[in-house]
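S.K.: For the working numbering, add 8 to where a residue sits in the sequence shown, where the first one is 1.
Below you'll find the structure I mean.
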Amino acid sequence: MQNNDRDTASLWDMLRAIQHIQEFTSGLTETGYLDSLLIQRAVERELEILGEAARRVSTEFQQAHPEIDWRNTIGLRNVIAHRYDQVDQEIVWRIVVSVLPTLREQLESLIQER
Numbered sequence: 009m010q011n012n013d014r015d016t017a018s019l020w021d022m023l024r025a026i027q028h029i030q031e032f033t034s035g036l037t038e039t040g041y042l043d044s045l046l047i048q049r050a051v052e053r054e055l056e057i058l059g060e061a062a063r064r065v066s067t068e069f070q071q072a073h074p075e076i077d078w079r080n081t082i083g084l085r086n087v088i089a090h091r092y093d094q095v096d097q098e099i100v101w102r103i104v105v106s107v108l109p110t111l112r113e114q115l116e117s118l119i120q121e122r
């Protein structure tokens, strides 16, 4: 597969968004997260960036790497951006602690391969 600079840049943007989220939430419990509107909004913004960067990855690359949940990553961005009043912060917290660590590892591996 051809190394696409836009794909590589987008993977880096995705990784940086996850790193920022993990920095923002480091040492927090779910209660601490739910009590901090500032942290919630910062995490939401980085999830928007994560989803937008995922959307920019070429269809060819996405199809070659089905281990990444492209659809839900992009979909979460759309919910946060367009249905911001329906964001369930408990679900966001579960994504932060359960989904993002694995996604980070996957992205680091893909970037290393490129």
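C-beta atoms are modelled at their ideal positions from N, C-alpha and C, and glycine is treated no differently.
Throw me the rounded Cβ distance for the L108 and Q30 pair, which I believe falls under 8 Å.
M.R.: That pair is a contact at about 7 Å.
S.K.: Does the beta-carbon of A25 have 16 or more other beta-carbons within 10 angstroms, so that it is buried, or is it exposed?
M.R.: Answer is buried; the Cβ neighbour count reaches 16.
S.K.: Compare the Cα-Cα distances from T39 to each of I119, D15, R102, E121 and report the closest residue.
M.R.: It is R102 whose Cα lies nearest to the Cα of T39.
S.K.: For F69, collect the residues of the same chain with a Cβ closer than 6 Å to its Cβ; drop the 5 residues on either side in sequence, then sort them by chain order.
M.R.: Counting only Cβ-Cβ distances below 6 Å, and skipping sequence neighbours, we find D15.
S.K.: Does the separation of the CB atoms of R112 and L23 fall below 8 Å?
M.R.: For R112 and L23, yes; Cβs fall inside 8 Å.
S.K.: In whole angstroms, what is the alpha-carbon distance linking I76 and R63?
M.R.: If I take the Cα positions, the gap works out to 12 Å.
S.K.: For the candidate residues A89, V65, F32, whose alpha-carbon lies nearest to that of V51?
M.R.: With distances taken between Cα atoms, V51 lies closest to F32.
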